[in-house]
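With full-length UniProt numbering applied, the sequence shown covers 1 to 154. For each residue, glycine too, the CB sits at the ideal point set by N, CA and C.
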Amino acid sequence: MSENPLPLPTTARPGASAADADAVWAVLTAMYEAYDAGDRAGIDRALDPGATVWDSAADPLLLGKADLDRIRDARPAAGEGPQETGLTAYDRTIDVFGDIAVLRFWLRVDFAPAPDGVPHRPELIRNTVILHRTGASWRIVHLHEDVRQPGPVG
């Protein structure tokens, strides 16, 4: 996953230590690194098995891993459609309330140029993630993706 070239805003809002904010952010960045690597098990390690997801490519609320796997399996295979070239998560804001964290951030998805060489615009996604801490580990219990600028179609 690409690093955010912009300076990070203050992320340890009231109730969030810098260590908690960094731990929460690490769960998210590890999930996207697993996505870049095509490592579904790595993605799943960041998610609670019962996590709910408002996926940007699906209308219904996904209820747990079985629903998420159904949507994943319906996605285009590698080589079909526009080729993703990178993900950049940025502008994080994190609150921690005991063992619950609320993370808000933007995700930029970049694409290779079209076959005719015309560049594709990036997709910009506004996200909200809720995480639950068990012991020293955070896991995502809800992810809400909101596409604000669609990327290429097809």
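Please classify residue i: does DSSP put it in a helix, a strand, or coil?
i	result
Arg-75	coil
Glu-80	coil
Leu-61	coil
Ala-66	helix
Asp-110	strand
Output the distance between the C-alpha atoms of residue i and residue j, rounded to the nearest integer angstrom.
i	j	result
Ala-30	Gly-38	12 Å
Ala-51	Lys-65	7 Å
Glu-145	Val-129	9 Å
Arg-148	Gly-135	35 Å
Arg-70	Glu-80	18 Å
Hey, would you say residue i sits closer than 8 Å to residue j, going by beta carbons?
i	j	result
Leu-131	Arg-108	no
Pro-82	Phe-111	yes
Can you tell which of the options has the C-alpha that lies nearest to the C-alpha of residue i?
i	options	result
Pro-115	Asp-67, Pro-152, Asp-95 and Pro-76	Pro-152
Val-24	Glu-145, Val-147, His-144 and Ser-137	Ser-137
Trp-106	Ala-89, Pro-119 and Pro-122	Ala-89
Arg-72	Arg-104, Ile-43 and Glu-84	Ile-43
Asn-127	His-142, Pro-119 and Val-118	His-142
Ala-120	Ala-19, Ala-58 and Glu-84	Just to set this straight, residue 120 is His in the shown sequence, not Ala. His-120 has its Cα closest to that of Glu-84, out of Ala-19, Ala-58 and Glu-84.
Stretch pair the segment 89–101 + the segment 62–76: three plus CB contacts closer than 8 Å: no
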